[in-house]
Structures are given as structure tokens and as C-alpha cells.
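So the sequence shown is numbered by the working numbering: it starts at 130 and just counts up by one. One structure is given below, encoded as C-alpha cells.
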Amino acid sequence: MLELINKIKFYINKAQDIEIAGYSLKELDSRVTAIPLAAIVTVFLFLVMQALVTSNEYDIGDEGVNINISFLRQLQDTETQTAKKKPNRPEQEQEPDPPDMDIPETPRPEMSAESVTTPEFGGPAFGSFAASTDADVLPIVKVPPQYPRRATQRGIEGWVLVEFTITPSGAVTNPVVVDAEPPGIFNRSALRTIVKWKYKPRILDGKAVPRPGVQHLITYELEDAR
Numbered sequence: 130m131l132e133l134i135n136k137i138k139f140y141i142n143k144a145q146d147i148e149i150a151g152y153s154l155k156e157l158d159s160r161v162t163a164i165p166l167a168a169i170v171t172v173f174l175f176l177v178m179q180a181l182v183t184s185n186e187y188d189i190g191d192e193g194v195n196i197n198i199s200f201l202r203q204l205q206d207t208e209t210q211t212a213k214k215k216p217n218r219p220e221q222e223q224e225p226d227p228p229d230m231d232i233p234e235t236p237r238p239e240m241s242a243e244s245v246t247t248p249e250f251g252g253p254a255f256g257s258f259a260a261s262t263d264a265d266v267l268p269i270v271k272v273p274p275q276y277p278r279r280a281t282q283r284g285i286e287g288w289v290l291v292e293f294t295i296t297p298s299g300a301v302t303n304p305v306v307v308d309a310e311p312p313g314i315f316n317r318s319a320l321r322t323i324v325k326w327k328y329k330p331r332i333l334d335g336k337a338v339p340r341p342g343v344q345h346l347i348t349y350e351l352e353d354a355r
């Protein structure tokens, strides 16, 4: 067995001494072994370089995004500071006061009042009216009636006969329309007005007593028609 192994070694050594194209088998064996190893190393280095290039591109992309965001924020901050440092606006000159203008005076409607027996109140808002009463029944406070707008627009005149009671305090109570011309035009105005009047109360035996059945004729006339 040992002899067989020794023979194999002898033939291997002989075979290594054989030259092919000027190179021995021993040299060719080392070259053949180095070529695959160099190829593997080359491929490995290529993969490593490719990985490094890919990693660098990713990092550069991230850094580029970060740089853009930082640049935008810096611009916004700069604009804010610039807005704060704007110079103060010059004070506006005061405009001169407008010249005085002469405004013509508008004549006011005149209101007149005559004696107690036939008082008259003039003016477009009230027209005029006359109230007839008994000589011993004298109103202390009189409020002019409102001339109805509908009657003013249509140029209507008329009268209202009102009957009421004078209380011991001189107030008017229970007013009613006895007659009117034209009917229903001046009734409400006359009733609203008569309750605001005050009279001198009737005195009997030193005491104030009610006075029923007092009548007043209120006449409505337009100023333009007079």
C-alpha cells in the first residue's frame, strides 16, 4: 500500500515537471487557481462600489431636500423681518375744512291760537280746528287733534260732535261721537284728543261733582282752503 502511494506521488511530481507553452504544470496550477479568485474579488468589489454609489445618491437626495426646506424657511423669516422694519408712513396732511355754505332757512308752518271759544291750530300736520263749548265749561288744558293723513291728502274737511263727562278732578271720561261730517273720517282723531283735555270741575255746595252730557263740536279745516 505504501509502495502504491509512493508511486502516485512520483508520477504527480513528474507530471508537474512537464512544460506546456513554456510553463510547467505547477505554474499553470497556481495561475488557474488565481484567475477564479481574482474574478470573485473583482465581482465583490464591483458590488461594493455599486452599493456605495446607491447609498451616496440616497443620502445626497435627502440632503438636497433638507437644504430646500431650510432655504424656504429662511426666506419666510427674512420676509417677516423685512415687514417689521418697514419705515413709518408719513403723516397725512389734514384736509382743510370745507367752506361754510349759506343754507337758506325753510319757513316753518305757523300755528295760531285765538280765543277760548274758537281756538285754531294751523299747520299742515294738524290743519286747523275749532271747538265750540258752553260759556261756563272752560277747558284748562287743550291738545290740538292730529289731522288725519288720508283727509289731508284728499283735501277733506269736516267736524265731529263729541259728548263726554267731566270728572270731579276735571278729566274727560266716557267720550262718544254724537254726530260727524263726513262720517268716520275724523271720529278717531277727535276721541283721542278730547280725553287729553282738562276742565275746570263743577262745584256744588263747595264740593267738586261730575258733570255729564257735556258736548263739544270740533271742526277740521285745511290751511290751504281758508
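All C-beta atoms in this analysis are idealised placements derived from N, C-alpha and C, irrespective of residue type, glycine included. Nothing here was measured: the structure is a model prediction, and the numbers come from that model.
query: Identity of the residues DSSP links to E292 by a beta bridge; result: V305 and Q344
query: Beta-carbon proximity of A300 to Y276, cut-off 9 Å; result: no
query: Distance between beta carbons of Y349 and F315, contact taken as under 8 Å; result: 5 Å
query: Backbone CA spacing between K336 and G313 [nearest angstrom]; result: 38 Å
query: From E352, T302, I323 and A309, residue whose alpha carbon lies closest to that of T281; result: E352
query: Run of the alpha helix (DSSP H) containing L320, from where it starts to where it stops; result: N316 to I323
query: According to DSSP, residues forming a beta bridge with P268; result: Y328
query: Sequence-distant residues of the same chain with beta carbon closer than 6 Å to V305, five excluded per side; result: E292
query: Beta bridge counterpart(s) of G287 as assigned by DSSP; result: Y349
query: Exposure of S298, with buried meaning 16 or more beta-carbon neighbours within 10 Å; result: exposed
query: Segment limits, beta strand (DSSP E) that includes A300; result: Element bounds for A300: n/a, residue is neither H nor E.
query: Closest residue to K271 among E286, G342, I347 and P341 (Cα-Cα distance); result: I347
query: P274 burial status per 10 Å Cβ neighbour count (16 or more: buried); result: buried
query: Rounded straight-line distance, which links the Cα of P311 to that of L320; result: 15 Å
query: Exposure label - R340; buried when at least 16 CB within 10 Å; result: buried
query: Residues of its chain near V324, where Cβ-Cβ distance is below 7 Å and the 5 sequence neighbours each way are ignored; result: V301 and P304
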